[in-house]
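Enquirer:
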Amino acid sequence: YATLGYRFGKWLPHLTYATIDGKSSTVEPGAVCPTSMTPCVTNPPAMNFPVAIQSSVTAGLRYEVNDSAALKFEYSVVDVEDDINELTEANQRVNFGLFDTSFTLMPPKDKVGVYSIALDVIF
Numbered sequence: 028y029a030t031l032g033y034r035f036g037k038w039l040p041h042l043t044y045a046t047i048d049g050k051s052s053t054v055e056p057g058a059v060c061p062t063s064m065t066p067c068v069t070n071p072p073a074m075n076f077p078v079a080i081q082s083s084v085t086a087g088l089r090y091e092v093n094d095s096a097a098l099k100f101e102y103s104v105v106d107v108e109d110d111i112n113e114l115t116e117a118n119q120r121v122n123f124g125l126f127d128t129s130f131t132l133m134p135p136k137d138k139v140g141v142y143s144i145a146l147d148v149i150f
């Protein structure tokens with residue numbers, strides 16, 4: 028995670044690069060399954076907790092409205108890893124990144140654009 032920005036009076040343009048490169052844990056033989064409280068034995072080991080593998084680039088602009096408020100605009104391009112070799116190395120069959128935590132929809136196949144607008148207020 029790295030951010031670079033420079034303030035011009037009340038304006039702060041910035042660029043951010045972020046990456047998540049996780050490896051999912053697996054159920055070890057003899058471990059207790061949380062749902063049945065019986066030993067879990069799977070071959071190959073079942074995915075226990077998937078971890079997102081993605082990177083993003085964000086361009087943003089922050090405006091200081093006054094001493095206690097800031098208005099922020101951001102646009103992010105998120106690239107979710109879908110290379111089967113990378114996923115296999117990370118003990119994953121499919122990667123949703125930080126999208127769809129219900130795991131019921133298909134993961135993104137292309138880069139995803141995310142717009143955000145926020146008003147931060149201190150009181």
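Under the working numbering, the letters of the sequence shown match residues 28 to 150, in that order. We treat Cβ as the ideally placed atom computed from N, Cα and C, and that holds for glycine. All values reported here derive from a predicted model rather than from experimental measurement.
Since Gly32 sits in a beta bridge, which residues does DSSP pair it with?
Expert: Taking the first residue of the sequence shown as position 1, residue 32 is located at position 5. Bridge partners of Gly32: His41.
Enquirer: Straight-line CA distance for Thr46 to Ser82?
Expert: To locate residue 46, count along the sequence shown from 1; it is residue 19. To locate residue 82, count along the sequence shown from 1; it is residue 55. Near 4 Å, if we compare the C-alpha coordinates of Ser82 and Thr46.
Enquirer: Report the partner residues of Asn93 according to the DSSP bridge assignment.
Expert: The count along the sequence shown starts at 1 and reaches residue 93 at position 66. Ala96.
Enquirer: In angstroms, rounded to a whole number, what distance separates the CA positions of Cys92 and Leu98?
Expert: For this step, residue 92 is matched to residue 65 along the sequence shown. For this step, residue 98 is matched to residue 71 along the sequence shown. According to the sequence displayed, residue 92 carries Val and not Cys. Answer to the nearest angstrom: the Cα atoms are 7 Å apart.
Enquirer: Using the Cα positions of Val139 and Leu39, report the straight-line distance between them to the nearest angstrom.
Expert: As a first step, residue 139 must be located in the sequence shown, where it is residue number 112. As a first step, residue 39 must be located in the sequence shown, where it is residue number 12. Cα to Cα, Val139 sits roughly 24 Å from Leu39.
Enquirer: Buried or exposed: which applies to Ile144, given that a residue is buried once 16 or more other Cβ atoms fall within 10 Å of its Cβ?
Expert: Here residue 144 refers to the residue found at position 117 when the sequence shown is read from its first residue. So Ile144 ends up on the exposed side.
Enquirer: From the beta carbon of Ala79, is the nearest beta carbon of chain B less than 9 Å away?
Expert: In the structure shown, chain B does not exist; there is a single protein chain.
Enquirer: Let me check understanding here. Comparing Cα to Cα, which of Tyr28, Leu42, Lys136, Gly32 lies closest to Thr85?
Expert: Against the sequence shown, residue 85 aligns to sequence position 58. Of the listed residues, the one whose Cα sits closest to Thr85 is Leu42.
Enquirer: Just to confirm before moving on: does the CB-CB distance between Val104 and Val148 stay below 9 Å?
Expert: For the purposes of this step, residue 104 is identified with residue 77 of the sequence shown, where counting begins at 1. For the purposes of this step, residue 148 is identified with residue 121 of the sequence shown, where counting begins at 1. Result no, Cβ atoms of Val104 and Val148 do not sit closer than 9 Å.
Enquirer: Where does the unbroken beta strand (DSSP E) through Leu147 begin, and where does it stop?
Expert: The residue you call residue 147 lines up with position 120 of the sequence shown. As written in the sequence, residue 147 is Asp, which differs from the Leu given in the question. 139-148 is the span of the beta strand (DSSP E), which, as asked, contains Asp147.
Enquirer: At the level of alpha carbons, what is the spacing between Asp106 and Asp94?
Expert: Against the sequence shown, residue 106 aligns to sequence position 79. Against the sequence shown, residue 94 aligns to sequence position 67. Answer to the nearest angstrom: the Cα atoms are 36 Å apart.
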